[in-house]
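Structure, as structure tokens:
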Amino acid sequence: MLSKEDFAAKLLKELLNQFKLEKMKHYLRNFRIIPSINMNPMTDELSVSFQPSTDNGTTAIEDVLNTIQKVSTPQNKLIVVLDEFQSILEIDKNMDKQLRSIMQEQTGINYIFLGSQESMMTDIFERVKSPFYHFGMLMRLNKIPYGDFKSYIADRLKDVSEQPTQIADEILAFTSCHPYYTQQLSFAVWNNLEAGKNEDVLQLAIEDIITTHDLDYERLWLNFNKTDKYVMVSICEGNNPAQDRNQPTSTMTSALLRLSKKGYIIRSDRYEIEDPFFRKWILKNMI
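Have a look at this one:
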């Protein structure tokens, strides 16, 4: 999603998938900005969009969230799940304030906010000055157990591969069991296998994903300062920047904290690049 209009359209589409369009028409007539709604007669799939507005999508979001409130009842209480919630600040730096101002007035709706970047999610819900400070209960989920994840992936690859278990192992080794990136890579691998591409299928899938996001990664890289780039490259090479004696300790510490807070790196027993595809892109293009 690139704009507030996209966010509002996505929410409205999911709402219309739950309720018949005929039932929703009288709610839609009250929208201050009328959405464009089309249905594919071959698939019955809806497409929803809002035209760019002078208020940058603020009104569209308000109308959609208020409609969710209206259709939710004690007998049919809605649960709104927002995945990768930390990304809202990439859409608009003040979007968290707008969402909080609307949601705090609502009743009879449950919200679930999911996010794969723990440091950013913690900042949104635990930082005192954040609009979503203590908005709900924060739960940290452990990684899916390796064996369970492996069995799940292998079971779905067995119809398109003669080596589903080996490929599942290779996928998880690359993604370190990260759910989002594992799903992304598994889907790309499955697509290639389904298309009859059996040679170096994992590397082919990784290259496909990196190529798709090449411009995104380049923009990210250009926004890093010189120290951040140094730290990212160092981590990609398997080093620990905190122990780098060629740079001031305070400089390395500040950079590591900054990159951790922004979700670009994570630390368990060592520092790692959060996005394994970005790591591969750096190794390919910047070293």
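With our numbering applied, the sequence shown corresponds to residues 50 to 336, in that order. Cβ coordinates follow ideal geometry from the N, Cα and C atoms, glycine included.
- Taken through DSSP and simplified to helix, strand or coil, Leu127 comes out as strand.
- Per the Cβ contact rule, the segment 164-181 is not in contact with the segment 79-86 (fewer than 3 Cβ pairs under 8 Å).
- In summary, His227 is buried, with 16 or more beta-carbon neighbours lying within 10 Å of its beta-carbon over all protein chains present.
- Leu242 and Ser210 do touch by the CB rule: their CB atoms are close to 5 Å apart, below 8 Å.
- DSSP places Glu321 inside the beta strand (DSSP E), whose first and last residues are 320-322.
- A straight line joining the alpha-carbon of Asp104 with that of Ser52 spans about 12 Å.
- Proximity to Asp197 across Ala217, Ile284, Glu154, Tyr229 peaks at Ala217, based on C-alpha coordinates.
- Under the three-state reduction of DSSP, Leu51 is assigned to coil, being neither helix nor strand.
- By the criterion of a C-beta distance shorter than 8 Å, Leu187 is surrounded in its chain by Met170, Thr171, Phe174, Glu175, once the five residues flanking it on both sides are discounted.
- Around the Cβ of Ser235, a 10 Å sphere holds 16 or more other Cβ atoms; the residue is buried.
- Counting only runs that start and end inside the segment 119-181, the beta strand (DSSP E) elements of at least 3 residues fall at 127-131, 158-162.
- Remark: C-beta atoms of Ile331 and Glu321 do not approach each other more closely than 8 Å.
- A straight-line Cα-Cα distance of about 21 Å links Ser121 and Gln147.
- Restricting attention to Asp208, Asn240, Lys207, Ile202, the CA atom closest to the CA of Ala222 is found in Ile202.
- Rounded to the nearest whole angstrom, the C-alpha separation of Asp112 and Ser98 is 13 Å.
- In this structure Val129 does not touch Ile110 by the C-beta definition: roughly 13 Å separates them, more than the 8 Å allowed.
- The C-beta separation of Leu163 from Phe184 comes to about 14 Å, leaving the pair out of contact by the 8 Å criterion.
- DSSP places Arg78 outside both helix and strand once states are collapsed to three, so it counts as coil.
- In the displayed model, Leu242 falls within a helix according to three-state DSSP.
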